[in-house]
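The next block holds one structure in the form of structure tokens; read it before the comments.
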Amino acid sequence: MSYDIAVFATETVDDDGFEAWFEEQAEWGEDHDYTDPAVTSVALRTFYDALAQEFPPMNGPDADEDVDDPRLADYSIGRELLYVAFGWSQARAAQAACLRIAATTGVAVGLVSDDGRIVRPGDTPEPVGS
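Here it is, written out as structure tokens:
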């Protein structure tokens, strides 16, 4: 099991439609490599570039060679979704980093492994799972 977070552009889906949209996205039916950040939107790529500095990818073109690094994250990258799986030991730091980076890049964050809440730009969330 992993600690998972979904990141998406705010205009992609509203909160009420998120669950159905996410289930469709999680079928991974797009015709590209899901480890390649080049396939995603500018906003999600900006988020990815910042997050990958703190939580290096374990797969794909930017993969970190230090396989023992506990910060390694498994990125699944779609055109409209960035889904990131972290080790549970990194959950608190990962959540904080995602919320901080999202606030500066203008994307929304779905706290999938917590309470499923969606945090959008301008929200001031209380950390969950504290």
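Going by our numbering, 22 is the number at position 22 of the sequence shown; the sequence numbering is gapless. All C-beta atoms in this analysis are idealised placements derived from N, C-alpha and C, irrespective of residue type, glycine included. Keep in mind that this is a model prediction, so the values were computed, not measured.
For residue i, write down the residues that DSSP places opposite it in a beta bridge.
{"i": "L82", "result": "V7, I77"}
{"i": "I101", "result": "Answer by DSSP bridge pairing: none, since I101 is not bridged."}
{"i": "A108", "result": "F8"}
{"i": "V119", "result": "V109"}
{"i": "P57", "result": "A73"}
Using C-beta distances below 8 Å, list every residue in its chain close to residue i, excluding the 5 sequence neighbours before and after it, in chain order.
{"i": "A43", "result": "A9, T105, G106, V107"}
{"i": "A103", "result": "P121"}
{"i": "D62", "result": "P37, A52, P56"}
{"i": "E11", "result": "none"}
{"i": "A94", "result": "Y3, I5, F55, A73, V84, F86"}
Spatial neighbours of residue i within its chain, please: CB distance less than 6 Å, with the 5 preceding and 5 following residues excluded, ordered by chain position.
{"i": "M58", "result": "L72, D74"}
{"i": "A91", "result": "Y3"}
{"i": "R45", "result": "P37"}
If you check the beta carbons only, do residue i and residue j fall under 8 Å apart?
{"i": "F22", "j": "G78", "result": "no"}
{"i": "D4", "j": "A85", "result": "yes"}
{"i": "F47", "j": "L82", "result": "yes"}
{"i": "I118", "j": "F18", "result": "yes"}
{"i": "E65", "j": "A97", "result": "no"}
{"i": "E80", "j": "S113", "result": "no"}
Nearest to residue i by alpha carbon, out of the options?
{"i": "S89", "options": "I101, E80, D69", "result": "D69"}
{"i": "G29", "options": "S76, G116, I101, V112", "result": "S76"}
{"i": "L51", "options": "A20, G116, A6, A26", "result": "A6"}
{"i": "D36", "options": "E24, D49, Q25, E27", "result": "D49"}
{"i": "M1", "options": "A93, D115, G87", "result": "G87"}
Leaving out the 5 sequence neighbours to the left and right, which residues in its chain are closer than 7 Å to residue i when beta-carbon positions are compared?
{"i": "Y34", "result": "W28, S76, I77, G78"}
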